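Trainee: Residue numbers (our numbering): 592 to 963.
Input: one structure, supplied below.
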Ligand SMILES: O=c1[nH]cnc2c(CCNCC3CCCCC3)c3[nH]c(NCc4cccs4)nc3cc12
Ligand SMILES: [Zn+2]
């Protein structure tokens, strides 16, 4: 077995279940990747992130290059040692966040010059510099430097942006070099245009990557338009390589995308909403700050085995959230990440036995019941 390989164990319709084998451990797919922004999954110790069932974390190139700096992390032994997570880490290229977080950006064919939103210092990102930074961090799965066009955008703008991203994909591939046991993923662009998505997929396939992301979605197009694109986009990518839908998503987004052939996901929702009192449950989203929970002695979700649901009442979660106690973020983040991993395990099991349709029907039925 090569040091980085993807094996599909079973399929159910377009859905696949299997694993990615890496030198730092296996990644069971479909997989949800918790986001570890500034070298931490906020409000969680890494051993507890593992306890939720996560096989892989996301590292954030944009934040880490600004603070503490990629060279500093490398001098300290790399991101795995720095944040005490010895399993796989996927890092993004930094490009998406430069466009959404940085100040005074100057875009060119070469790359992006920008000022840090933290201290105003000057920085530069390009395919070559992004590959260098992700290598310094010690990332196991590296993402190409791409441009995600802001929507709404006309076809001409989408075409121009996609073609730039394909030139940057080639430059990323060339700069990545040969790193056994490490993977480089290309990112498909093309907006909601099937022919442009096809051109992008052909360009990426001819360059050759270890995995392929579907980019340019979950940027405000809505679930119906996203699913419409996912009805064809994953099939344009190599069938035998992992497919990663970037930035997705809500539980029902993930279920629909798995049905359409996606293997990997990342989203800030479970961790970010955990800090704002929003619990993701099998009955849908529950706002623990709502007064209806103030006297409720029941657990958040009686079927959930996480610490929040095993040892605390809704009344307690409501109280510590209202009081803005640190434990409030800890408990709800833990629950949300646990729920996401339980959902992924359920999807993997259902695909393994050809029962995905039944699983999805039960998933939607429970959410239609709502939270009592
Ligand atoms: O084409 C894309 N190219 C590159 N990255 C994309 C991302 C960022 C994925 N998460 C990165 C993480 C790295 C570590 C820190 C957290 C993010 C997307 N996120 C979304 N939607 C969710 C969105 C999030 C914010 C606005 S839309 N669509 C995306 C499309 C692309
Ligand atoms: Zn729970």
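Glycine included, C-beta positions come from ideal geometry on N, C-alpha and C.
Bear in mind the structure is a predicted one, so any value in this text is a computation, not a measurement.
Answer yes or no: do residue 707 and residue 657 have a C-beta to C-beta separation smaller than 8 angstroms?
Mentor: Cβ atoms of residue 707 and residue 657: closer than 8 angstroms.
Trainee: Say yes only if the C-beta of residue 794 is nearer than 7 angstroms to one or more non-hydrogen atoms of ligand 2, and no if none qualify.
Mentor: Not so, every heavy atom of ligand 2 lies at least 7 angstroms from the Cβ.
Trainee: What span of residues does the beta strand (DSSP E) with residue 607 cover, start to end?
Mentor: Where residue 607 is concerned, the enclosing beta strand (DSSP E) stretches over 606 to 613.
Trainee: Give the straight-line distance between the Cα atoms of residue 678 and residue 642, rounded to the nearest whole angstrom.
Mentor: Rounded to whole angstroms, residue 678 to residue 642 spans 13 angstroms at the Cα level.
Trainee: Using a Cβ distance threshold of 8 angstroms, determine whether the region 667 to 677 contacts the region 697 to 704, with at least three qualifying pairs required.
Mentor: Because the criterion of three Cβ pairs below 8 angstroms is not met, the region 667 to 677 and the region 697 to 704 do not touch.
Trainee: Check whether the Cβ of residue 892 sits closer than 7 angstroms to any heavy atom of ligand 2, and report yes or no.
Mentor: True, at least one ligand heavy atom lies under 7 angstroms from that Cβ.
Trainee: Roughly how many whole angstroms lie between the Cα atoms of residue 795 and residue 789?
Mentor: Approximately 10 angstroms, taken between the alpha carbons.
Trainee: So, under 8 angstroms CB-CB, residue 851 and residue 818 are touching, yes? Tell me the CB distance rounded to an integer number of Å.
Mentor: Correct: roughly 7 angstroms between the Cβ atoms.
Trainee: Hey, how far is the Cα of residue 721 from the Cα of residue 910?
Mentor: Those two C-alpha atoms are separated by around 44 angstroms.
Trainee: Verify the contact flag: residue 877, CB atom, against every heavy atom of ligand 1, threshold strictly below 7 angstroms.
Mentor: Incorrect: residue 877 has no Cβ contact closer than 7 angstroms to ligand 1.
Trainee: Does DSSP put residue 602 in a helix, a strand or coil?
Mentor: Strand.
Trainee: Residue range of the alpha helix (DSSP H) that residue 846 falls in?
Mentor: It spans 842 to 850 - the alpha helix (DSSP H) in which residue 846 sits, taken as one unbroken run.
Trainee: Per the contact definition of three or more C-beta pairs closer than 8 angstroms, is the region 949 to 961 in contact with the region 871 to 887?
Mentor: Because the criterion of three Cβ pairs below 8 angstroms is met, the region 871 to 887 and the region 949 to 961 touch.
Trainee: Closest Cβ-Cβ distance between residue 639 and chain D: below 8 angstroms?
Mentor: As a matter of chain content, chain D is missing from the structure shown, which is built from one protein chain.
Trainee: Measure how close the beta-carbons of residue 645 and residue 920 come, nearest whole angstrom, since I'm counting them as under 8 angstroms.
Mentor: With 8 angstroms as the limit, residue 645 and residue 920 do not qualify as a contact, their Cβ atoms being about 18 angstroms apart.
Trainee: When the Cα atoms are used, what is the spatial distance from residue 876 to residue 892?
Mentor: Rounded to whole angstroms, residue 876 to residue 892 spans 11 angstroms at the Cα level.
Trainee: For residue 628, collect the residues of the same chain with a Cβ closer than 7 angstroms to its Cβ; drop the 5 residues on either side in sequence, then sort them by chain order.
Mentor: 651 and 654.
Trainee: With a 10 Å radius around its C-beta and 16 neighbouring C-beta atoms as the bar for buried, classify residue 942 as buried or exposed.
Mentor: By the 10 Å Cβ count, residue 942 comes out buried.
Trainee: Report yes or no: do the region 744 to 762 and the region 819 to 837 share at least 3 C-beta pairs separated by less than 8 angstroms?
Mentor: No, the region 744 to 762 does not touch the region 819 to 837.
Trainee: Residues in its own chain within less than 7 angstroms of residue 767 by CB, not counting five upstream and five downstream?
Mentor: Answer for residue 767: 722, 733 and 775, listed in chain order.
Trainee: My parser needs the beta strand (DSSP E) runs of 3 or more residues fully inside the region 673 to 701; what are they?
Mentor: Counting only runs of 3 or more, we get 680 to 682 and 694 to 698.
Trainee: Helix, strand or coil for residue 719 per DSSP?
Mentor: Note: residue 719 maps to helix in three-state DSSP.
Trainee: Any heavy atom of ligand 2 closer than 7 angstroms to the beta-carbon of residue 930?
Mentor: Yes, since a heavy atom of ligand 2 falls inside the 7 angstroms radius drawn around the Cβ of residue 930.
Trainee: Just checking my contact of residue 753 with residue 780 at CB under 8 angstroms: how many whole Å lie between their CB atoms?
Mentor: That pair is a contact at about 4 angstroms.
Trainee: In the DSSP assignment, find the alpha helix (DSSP H) that holds residue 798 and state where it starts and stops.
Mentor: Per DSSP, residue 798 belongs to the alpha helix (DSSP H) from 785 to 798.
Trainee: I want to check one thing, is the minimum distance from the CB of residue 867 to the heavy atoms of ligand 1 below 7 angstroms?
Mentor: Outside the cutoff, so no.
Trainee: Over the uninterrupted alpha helix (DSSP H) stretch that includes residue 930, give me the two end residues.
Mentor: Note, residue 930: alpha helix (DSSP H), 917 to 943.
Trainee: Going by CA-CA distance only, name the one from 904, 879 and 858 that's closest to residue 868.
Mentor: Of the listed residues, the one whose Cα sits closest to residue 868 is 879.
Trainee: When you compare the region 926 to 944 with the region 610 to 626, are there three or more beta-carbon pairs, one atom per stretch, that lie closer than 8 angstroms?
Mentor: At 8 angstroms Cβ cutoff, the stretches touch.
Trainee: Assuming residue 907 is part of the alpha helix (DSSP H), what are its boundary residues?
Mentor: Unbroken alpha helix (DSSP H) run through residue 907: 905 to 913.
Trainee: Counting Cβ pairs, one atom from each stretch, are 3 or more of them under 8 angstroms apart for the region 883 to 891 and the region 857 to 864?
Mentor: At 8 angstroms Cβ cutoff, the stretches do not touch.
Trainee: Is it the case that the region 932 to 942 contacts the region 603 to 614, given that we only count it when at least three CB pairs across the two stretches are under 8 angstroms?
Mentor: Touching, per the Cβ criterion.
Trainee: Please indicate yes or no: does the CB of residue 926 lie closer than 7 angstroms to some heavy atom of ligand 2?
Mentor: Answer for residue 926: yes, Cβ within range of ligand 2.
Trainee: Among 668, 661, 727 and 728, which has the Cα closest to the Cα of residue 714?
Mentor: The candidate whose alpha carbon is nearest that of residue 714 is 661.
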